[in-house]
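Since the structure comes first, as structure tokens, the remarks are kept for the end.
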Amino acid sequence: MSPPIDWLSRLLHMVPVSGRVEVRCLYGAPWQVVYDPSPPGEIPYHVVLAGSAIVEDFAGGPRRRLHAGDIVLLPTGAAHRLHDGSGATPLPVRYRPGVNQTFSDNAGTEDRLDLLCGRFILASPHDRLLGSYLPSVMIVRGQAQSREGEEGATSDQLAALVSLMRGESDRESLGGQAMLNAFSAALFTLALRMAGQTQEAPVGLLALAGHPRLAPALAAMFQRPEEPWTLPALARLCNMSRATLARHFQEKLGRSASDLLLDIRITIAANRLKQPGASTAAAAEAAGYQSEAAFQRVFKQRMGLTPAQWRRASLA
């Protein structure tokens with residue numbers, strides 16, 4: 017039997033993610049915070065340390081209630097708002113700088129909220145890869161009941177990490193900002209792991225990873241992206257027909273298996289081109305292209321730049 021493939025580590029090796037904590041919100045109802053769309057390469061996140069909140073994205077998604085321990089990520093950087101759900105006019109907020117983050121509070125005394133807000137940072141073109149294959153709003157529940165096995169262990173790890181972040185935010189100690197940012201980057205990995213282990217995995221890569229019959233195809237594309245994978249070959253790995261595999265990918269990913277494979281290959285090639293002295297031929301080979309001309313054509317279609325232009329821009 018082949019050993020299991022850690023596709024998530026391979027993804028995060030391809031797509032380095034850093035994080036930063038920005039604001040600690042301490043509000044009493046009624047309150048509201050509105051966020052504009054994030055710039056490319058930024059994924060906002062919010063961690064509910066105490067209390068509860070309603071999150072809404074302005075694209076028309078459903079209202080979702082967050083409780084203590086819950087984490088919400090917005091992989092596409094969508095405009096959104098958080099509020100207490102009362103519908104009352106929100107109280108004015110104050111901002112004050114701290115040693116490691118900004119603090120925001122209001123004069124409200126009802127239904128207190130303690131919220132840690134930050135963002136994950138991805139370099140281009142990696143923001144497009146994650147933004148295209150994760151849901152626009154992703155909620156990771158921190159205190160769900162009856163978690164066992166790997167899911168329970170990850171839930172405990174996530175709770176411990178959130179506790180560390182809260183403690184570091186409380187202390188305002190020397191080096192705290194560096195600690196919070198390091199914890200923030202780890203939070204991204206644990207949140208994706210947790211979301212992929214739940215019984216109600218969201219759409220996108222996590223839904224594929226959580227589907228036992230589809231996981232072999234996902235693992236193969238991340239483990240050996242340079243191989244000439246075809247739909248029949250991937251279907252055989254999953255012990256299903258080509259039509260069934262294609263339907264599952266479309267339902268769970270919103271894209272075909274070949275779309276995902278192409279994005280993985282282009283990401284690998286873009287990373288290779290950033291290395292000093294790397295040639296277009298070497299990038300093409302790393303991405304599984306035997307024809308350099310074909311690689312250049314596909315790369316420009318996907319990236320809007322030729323490999324040479326991309327290399328110059330990334331090294332500038």
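Residue numbers (our numbering): 17 to 332. Here a beta-carbon is modelled for each residue, glycine too, at the ideal position from N, C-alpha and C. Values in this document were obtained by computation on a predicted structure and should not be read as measured data.
Asked, Found
"If you drop the 5 nearest sequence neighbours on each side, which residues of the same chain put their C-beta closer than 8 Å to that of P32?", "L138, A139 and H142"
"Unbroken beta strand (DSSP E) runs of length 3 or more, entirely within the stretch 112-169: which are they?", "118-122, 126-138 and 154-156"
"Taking the alpha-carbon positions, what's the P60 to I70 distance?", "16 Å"
"Helix, strand or coil: how does DSSP classify L190 here?", "coil"
"In the DSSP output, what is P60 paired with across the bridge?", "R135"
"Is R79 helix, strand or coil when you go by DSSP?", "coil"
"Below 8 Å, can you find three or more Cβ-Cβ pairs linking the stretch 269-283 to the stretch 242-251?", "yes"
"Considering only the alpha carbon of each residue, which of C41, L90, G77 and R81 lies closest to L56?", "The displayed chain sequence assigns Pro, not Leu, to residue 56. Checked all of C41, L90, G77 and R81; the closest Cα to P56 is L90."
"With burial defined as no fewer than 16 other Cβ atoms inside 10 Å of the residue's Cβ, what is the status of D186: buried or exposed?", "exposed"
"Would you decide whether L145 is buried or exposed? Buried here means 16 or more other CB atoms lie within 10 Å of its CB.", "buried"
"Just checking, does the stretch 113-120 make contact with the stretch 191-198 on the three C-beta pairs under 8 Å criterion?", "yes"
"Just mark E267 as buried or exposed, buried being the case when its beta carbon has 16 or more other beta carbons within 10 Å.", "exposed"
"Considering only C-alpha positions, which residue in the set R240, A297, P228 and A198 is nearest to R135?", "A198"
"Nearest by alpha-carbon distance to S25: which of H227, V178, A235 and V49 is it?", "A235"
"Kindly identify the DSSP beta-bridge partner or partners of D73.", "H96"
"Report the three-state DSSP secondary structure of L230 (helix, strand or coil).", "coil"
"Please report the residue range of the beta strand (DSSP E) in which Q306 lies.", "Q306 -> no beta strand (DSSP E), and no H or E assigned at all."
"Could you tell me the alpha carbon to alpha carbon distance between G35 and T296, rounded to whole angstroms?", "31 Å"
"Taking DSSP as the reference, what is the three-state secondary structure of R263?", "helix"
"Quick check on P323: buried or exposed, where buried means 16 or more other Cβ atoms within 10 Å of its Cβ?", "buried"
"Looking only at C-alpha atoms, which of L261, Q213, A211 and L278 sits nearest to P232?", "L261"
"Going by C-alpha distance, which of T92, V156, V178 and G304 is nearest A75?", "T92"
"Does the separation of the CB atoms of G103 and A45 fall below 7 Å?", "no"
"Looking at R128: is its Cβ nearer than 7 Å to the Cβ of G67?", "yes"
"Determine the direct distance from the alpha carbon of L82 to that of H227, and round the result to whole angstroms.", "26 Å"
"Here's a check: name, in chain order, each residue in its chain whose Cβ is nearer than 6 Å to the Cβ of L331, leaving out the five neighbours to either side.", "none"
"Is it the case that the Cβ atoms of A95 and P151 are separated by a distance below 7 Å?", "no"
"Please report how far the alpha carbon of I284 lies from the alpha carbon of V314, in whole angstroms.", "13 Å"
"As a quick exercise: from P241, L230 and F265, pick the residue whose alpha carbon is nearest that of N255.", "L230"
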